[in-house]
Amino acid sequence: MAHLNIAGLRKAHGPVQVIAGVDLAVASGEFFTLLGPSGCGKTTTLRCVAGFIAPDAGDIQVDGSSVLAVPPERRDFGVVFQNYALFPHLTVAENVGYGLQARRIRGEEARRRVGEALAMVQLFGLKDRLPRELSGGQQQRVALARAIVIRPRLLLLDEPLANLDAKLRHELRWLIRDVQRAQGITAIYVTHDHAEAMSLSDRIAVMRQGQIAQIGTPREIYQRPTETYVAAFTGETNTLAAKVIGEIGPGRYRVMVAGSELIAGGPPGLATGTERRLLARPESLSLAAAGKGGFAVRVEAVVYVGAGLRCEMVTEQREKLVLQLPVQTEVAVGSALTLTIDPEQAWLMAEDAA
Ligand SMILES: Nc1ncnc2c1ncn2[C@@H]1O[C@H](COP(=O)(O)OP(=O)(O)O)[C@@H](O)[C@H]1O
Ligand SMILES: [Mg+2]
11 MAHLNIAGLR KAHGPVQVIA GVDLAVASGE FFTLLGPSGC GKTTTLRCVA GFIAPDAGDI
71 QVDGSSVLAV PPERRDFGVV FQNYALFPHL TVAENVGYGL QARRIRGEEA RRRVGEALAM
131 VQLFGLKDRL PRELSGGQQQ RVALARAIVI RPRLLLLDEP LANLDAKLRH ELRWLIRDVQ
191 RAQGITAIYV THDHAEAMSL SDRIAVMRQG QIAQIGTPRE IYQRPTETYV AAFTGETNTL
251 AAKVIGEIGP GRYRVMVAGS ELIAGGPPGL ATGTERRLLA RPESLSLAAA GKGGFAVRVE
311 AVVYVGAGLR CEMVTEQREK LVLQLPVQTE VAVGSALTLT IDPEQAWLMA EDAA
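What follows is the structure, encoded as structure tokens:
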């Protein structure tokens with residue numbers, strides 16, 4: 011178990027500033043995820059931590075000591091890549107034991123630890139197979155066992171599930187989380203998949219173009235995004251133009267939205283008249299009971315999606331909304347309805363600068 015501190019990290023590739031000042035602190039035993047679109051610098055950040063890339067500026071500390079001068083194989087980190095990267099000519103057990111040999115752990119002790127690691131990823135029965143005799147999911151389990159068998163100070167995972175089909179992705183997601191918890195390993199996980207990030211992480215850093223847009227728990231990131239970019243990258247969103255009428259308590263506001271007044275949360279101290287984007291996740295919208303306020307919309311499309319009716323609606327200001335209603339709801343395309351937003355979920359965000 012170890013804690014990680016990254017301060018002022020920068021890396022350029024030619025003229026492109028790939029990492030443009032990253033600061034973050036990961037607590038001991040924490041499952042921490044870097045989430046962002048392809049090309050935003052997640053892998054580069056992780057490779058700097060692993061020691062495969064030297065940053066141009068900044069520091070990376072583990073348990074309070076800089077690791078920048080330590081070569082990768084001496085950092086005692088376990089690394090899992092997207093493409094498994096197993097040794098093709100070594101058996102499963104030999105692949106897992108490789109890092110132990112390098113650390114001069116041999117004989118009975120090595121056999122015991124390999125056995126434990128393979129049991130943890132539920133692969134003990136396949137220990138004598140070669141990688142090519144395994145499925146993709148099994149190969150990634152071997153890679154995970156190989157990473158944890160050395161009892162790493164940090165476990166670094168770069169899109170480890172990206173090459174697997176949906177069912178395996180789910181299975182392995184839980185396995186990774188179980189193993190990380192059981193071992194109490196500090197984990198840094200990289201993904202572009204927000205659902206994966208949400209379900210695995212204690213905290214998430216949402217990245218944009220080499221910088222961190224927001225760091226928070228999955229709940230904070232999803233329900234209290236500071237800006238529209240973070241909201242859009244962490245799940246389905248609706249945003250509506252909103253104007254603050256007044257603050258009714260710290261971070262509680264009366265706002266004008268779609269021609270109606272409603273209650274929303276936001277960062278404290280927004281002045282009256284401030285214009286923001288109001289976040290309304292699809293599940294925070296519902297049909298208003300008669301006479302209970304709300305704002306007018308017209309139904310543009312209704313699609314049956316099994317778990318409910320997915321509806322596209324438009325406000326009088328021509329702002330589009332997507333929401334899901336219970337299957338038994340009567341909603342005809344073209345009809346006029348009144349919607350409300352759960353005031354606990356309505357949230358005021360800054361508009362993206364980008
Ligand atoms: N060795 C390299 N040389 C030049 N550009 C690179 C190199 N590695 C990464 N990049 C660029 O840096 C940016 C960030 O890459 P990367 O860290 O791999 O992003 P991510 O993992 O978030 O998809 C991309 O625009 C990529 O093209
Ligand atoms: Mg990457």
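Residue numbers (this note's numbering): 11 to 364. Glycine included, every Cβ here is placed at the ideal spot set by N, Cα and C. Every value quoted in this text rests on a predicted model; they were computed, and no experiment measured them.
Residues L174, L178, E181, L182 of the same chain have their beta carbon placed closer than 8 Å to that of G147, with the five preceding and five following residues left out of the count. The beta carbon of A35 is closer than 8 Å to those of H13, L14, N15, I16 in its chain, skipping five residues each way along the sequence. At least one heavy atom of ligand 2 falls within 7 Å of the beta-carbon of E169. When the five nearest sequence neighbours on each side are left out, the beta carbons in the same chain lying within less than 6 Å of the beta carbon of R85 are those of G61, V77, in order along the chain. Of all C-beta pairs linking the stretch 94–102 to the stretch 112–122, fewer than three are shorter than 8 Å, placing the two stretches out of contact. Distance from the CA of R264 to the CA of G304, rounded to the nearest whole angstrom, comes to 13 Å.
Per DSSP, the continuous alpha helix (DSSP H) segment holding L182 begins and ends at 176–193. Not one heavy atom of ligand 2 falls within 7 Å of the beta-carbon of V90.
Relative to ligand 2, the beta carbon of K177 is positioned no closer than 7 Å to any heavy atom. With 16 or more neighbouring CB atoms inside 10 Å of its own CB, D168 falls in the buried class. In this structure, A306 places its C-beta atom within 8 Å of the C-beta atom of T348. By the neighbour-count criterion, in which 16 or more other beta carbons inside 10 Å mark a residue as buried, G18 falls on the exposed side.
In terms of CA proximity to G31, A223 leads the group E83, K302, A223. Per DSSP, F62 lies in no alpha helix (DSSP H) and is assigned neither H nor E.
For R122, the secondary structure class from DSSP, reduced to helix, strand or coil, is helix. Approximately 5 Å separates the beta-carbon atoms of A252 and R286; this is inside 8 Å, confirming the contact. The stretch 45–57 makes contact with the stretch 189–201: 3 or more CB pairs, one atom from each, lie closer than 8 Å. Contact between the stretch 212–229 and the stretch 40–55 is established, with three or more Cβ pairs separated by less than 8 Å. For C50, the Cβ falls inside the 7 Å cut-off from some heavy atom of ligand 1. In terms of Cβ geometry, I214 and A205 do not form a close pair [threshold 8 Å]. Following the DSSP letters along the chain, one finds S270 inside the beta strand (DSSP E) bounded by residues 270–275.
The continuous alpha helix (DSSP H) containing G107 extends over residues 102–112.
Taking a cut-off of 8 Å on C-beta distances, the stretch 136–146 does not touch the stretch 156–170, as fewer than three cross pairs fall below it.
By the Cβ neighbour-count rule, Q132 is exposed, with fewer than 16 other Cβ atoms within 10 Å of its own. Counting C-beta atoms within 10 angstroms of its own C-beta, V26 has fewer than 16 neighbours from the protein chains shown and is therefore classed as exposed. Here the C-alpha atom of A298 lies approximately 54 Å from the C-alpha atom of P65.
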